[in-house]
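This report concerns only the one structure given below.
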Amino acid sequence: MLYHMKDIDSSLYFGMMAKELASKIQYPKGKADADNVIASVLYIRGMYQESLQLYARALSDYKGQKDTPNVSQVTMNMGNVYLSLGDAEKGLELFRQVIRTGRRDSIMSLAYANYCMSNPSLSDDSVQYYINKTREIADIYKDHRVLIAVNELEVDLLLKKGRRMDALKLLDTTLSDARRYELDDQEIYLLSSFTRFYKNQPDSALHYAWRSYQLAKKKEYVLELIPILKDILSYTQLSGNRDRIISVQKLLENAMAEENEKLKKFVGDYIKYNTIQSDNAVLSIINKNSKAKILLLIAICVVGAFLLLFIYRLYQISRKHHRELEQLNLKILEQNKSLQVNDEFKNKLFSILAHDFRTPLIDTISIASLMKDNPGFTKEEMEAFYGNIEKQASGMLESFDTILQWIKQQLSGYRYKPETLVLYDLFSESADIVKQQLDAKKVTVSNQIPVHITATSDKEMLQFVNRNLLSNAIKFSPKGGTIVISCTQDSNSITVSVADQGQGIDELTMSKLFSVSSNFGSSTQHGAGIALSMCKDFIQKLHGRIWAKNAEPKGAVFMYAIPRVV
């Protein structure tokens with residue numbers, strides 16, 4: 001029994017060896033003890049019906065031997081199996097039976113504790129009563145393991161009453177006791193209790209979950225690794241750290257694969273054990289009369305049917321684990337794709353800041369340099385310069401604040417924030433931002449959008465597109481040219497056009513216009529190609545499309561269409 005928490009396969013092996021030896025020396029208590037061990041192994045492996053059969057055999061043997069402590073223990077074990085099968089009524093009745101018939105010895109402390117832990121309908125007063133009874137008996141027998149378990153019950157009761165600090169203090173004390181008495185399995189459970197205590201503080205919960213995992217790994221409590229890693233994965237996912245999530249998922253996948261291999265080995269060992277048992281029975285029966293041979297054939301058929309059923313059930317368990325691994329892999333792939341999309345979107349957000357505020361800053365610097373290099377300006381000219389700088393800086397700061405707030409909202413991934421927008425006003429705002437560029441080339445903007453046309457969309461994404469189309473039109477307009485902004489609408493969509501009077505776009509550039517690799521003119525205009533690629537991405541996120549064409553007789557027209565309501 002000492003191996004069942006660390007090495008379940010070794011427990012099965014020693015249980016089989018004990019039963020074989022007890023049979024040889026005709027030791028009934030040893031056979032009952034071996035059946036108890038093997039039944040416990042089958043219960044841990046999820047073979048509940050087979051476990052109940054062996055427990056029932058051991059219980060019958062213990063009753064025949066008038067071994068009251070072991071009768072109580074096996075009855076409690078059967079109660080745990082029924083609870084796992086979902087039959088709480090049967091399980092609790094078995095616990096109550098132990099409490100009614102058991103003697104006042106160490107096993108009763110376990111009976112009270114198990115009944116208390118398994119019966120959520122108990123009132124606080126009843127829970128406290130059973131806690132006191134358990135502690136009273138455990139103190140007499142110096143049963144530190146049970147004392148630690150009853151402290152965990154006390155912690156749950158304190159938390160239920162809202163006394164978190166008292167619960168935390170008791171948890172700390174109990175953890176120290178587990179270390180002092182080198183109860184490694186109890187220490188692992190207590191660290192997991194700390195994880196649940198800090199469930200609303202992911203960093204603290206992760207800290208204790210990792211400690212629990214490291215201790216279970218070090219002390220080879222392999223059965224605890226998978227549930228601990230599942231807790232670690234759930235809290236790591238809250239952090240959004242892609243590398244850590246992948247790392248934990250790999251640990252969990254490896255642990256599940258290792259457990260699956262051990263399960264296969266367990267199946268082989270148990271089948272081998274049953275085969276040996278069957279062979280021994282065959283040899284024994286062969287040495288008897290012909291009537292015994294007929295009984296032997298019947299026994300072989302029964303054993304064969306049992307083995308087939310057993311193999312089929314284990315095959316189902318193996319398939320279930322395989323499906324879980326496949327689902328976990330699919331989940332990992334989906335999360336990786338999501339994280340990659342979010343990373344790309346964040347990079348584009350920072351590109352917006354770099355792109356949108358480079359030109360206004362350059363214009364402001366140009367005005368300042370002009371004032372420095374030409375000290376002979378009149379007072380009126382100086383005031384005009386100062387006014388332009390102040391107006392441009394104020395407008396740039398206001399836009400910066402607006403875009404920065406929007407970017408902060410988007411850092412965790414793309415979030416659509418719709419509002420009703422007047423398209424005429426949007427282009428008026430954009431024209432104010434690039435006013436210095438317009439004045440430098442004496443380019444005028446003809447905003448022909450009807451003031452009543454509105455769209456429900458994300459303002460900052462749409463304004464990024466508008467500013468860039470207007471900025472590109474200025475770059476390629478001749479001095480004194482005019483940029484015409486127009487708009488049409490139907491029942492479903494709105495189409496916006498920005499037309500310049502430049503030289504137009506050649507066929508090769510037009511084919512690559514909205515790709516990142518597009519140079520869009522000279523090398524100094526490579527940033528415009530990147531910006532147009534981002535414009536395309538943003539318009540697509542708004543469920544629209546963007547394109548360009550050459551106008552007649554000259555010039556280029558950039559157009560985009562978006563739904564009236566996204």
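UniProt numbering applies: residue 1 is where the sequence shown begins, and numbers increase by one. Quick reminder that beta carbons are idealized off the backbone N, C-alpha and C, glycines included. If you're wondering where the values come from, they're calculated on a predicted model, not measured in any experiment.
- A Cβ-Cβ separation of about 6 Å places residue 492 in contact with residue 564 under the 8 Å criterion.
- Its chain contains 47 as the residues whose beta carbon lies nearer than 8 Å to that of residue 313, once the 5 sequence neighbours on both sides are disregarded; these appear in chain order.
- Closest in alpha carbon position to residue 504, among 478, 555, 530, is 555.
- Secondary structure within the segment 50-87: the alpha helix (DSSP H) runs of 4 or more consecutive residues, fully enclosed, are 68-84 (chain order).
- Contact annotation: the segment 162-169 does not touch the segment 137-150, with fewer than three C-beta pairs closer than 8 Å.
- Between residue 114 and residue 95, the CB-CB gap stays under 7 Å.
- The DSSP-derived three-state label of residue 470 is helix.
- DSSP places residue 558 in the strand class (E or B) of the three-state scheme.
- Contact holds between the segment 531-543 and the segment 461-469, because three or more Cβ pairs, one in each stretch, are under 8 Å apart.
- Under the DSSP assignment, residue 428 falls in the alpha helix (DSSP H) whose first and last residues are 423-433.
- Taken atom to atom, the span from the alpha-carbon of residue 231 to that of residue 209 is near 7 Å.
- Considering only 211, 198, 162, the residue with the shortest C-alpha distance to residue 185 is 211.
- Looking at the backbone, the Cα of residue 454 and that of residue 422 are separated by about 5 Å.
- 254 is the residue among 254, 174, 508 whose C-alpha sits nearest the C-alpha of residue 326.
- With contacts defined as CB atoms closer than 7 Å, residue 41 and residue 58 fail to qualify as a contacting pair.
- In this structure, residue 21 keeps its C-beta atom at 7 Å or more from the C-beta atom of residue 39.
- Only residues of its own chain outside the window of five on either side were considered, and among them 28, 29, 32 have a CB closer than 8 Å to the CB of residue 65, listed in chain order.
- In this structure, residue 470 and residue 483 form a Cβ contact; the two beta carbons are roughly 7 Å apart against a cut-off of 8 Å.
- A Cβ-Cβ contact shorter than 7 Å links residue 229 with residue 252.
- In the structure shown, residue 498 falls within a strand segment according to DSSP collapsed to helix, strand and coil.
- In this structure, 52 is the residue among 128, 52, 501 with its C-alpha nearest to the C-alpha of residue 77.
- For the pair residue 118 and residue 206, the Cα-to-Cα distance works out to about 27 Å.
- The continuous stretches of alpha helix (DSSP H) do not include residue 458, which lies in the beta strand (DSSP E) extending over residues 454-458.
- Residue 190 and residue 198 have their C-alpha atoms some 13 Å from each other.
- Only residues of its own chain outside the window of five on either side were considered, and among them none has a CB closer than 7 Å to the CB of residue 301.
- Around the CB of residue 50, 16 or more other CB atoms lie within 10 Å, so the residue is classed as buried.
- Only exposed fits residue 305, as fewer than 16 other CB atoms lie within 10 angstroms of its CB.
- Membership of residue 132 in any beta strand (DSSP E) is not indicated; the residue belongs instead to the alpha helix (DSSP H) covering 124-140.
- CA-to-CA, the gap between residue 321 and residue 259 works out to about 9 Å.
- In the DSSP assignment, residue 210 is bridged to no other residue.
- Residue state for residue 545 is assigned as strand, using DSSP reduced to three classes.
- Annotated three-state conformation of residue 173 is helix, per DSSP.
- In the structure shown, residue 485 adopts extended strand secondary structure according to DSSP, grouped into three states.
- Each residue's CA atom was taken as its position, placing residue 90 and residue 12 some 27 Å apart.
- Under DSSP, residue 446 shares a beta bridge with 484.
- Just so you know, the alpha carbons of residue 101 and residue 240 end up roughly 54 Å apart.
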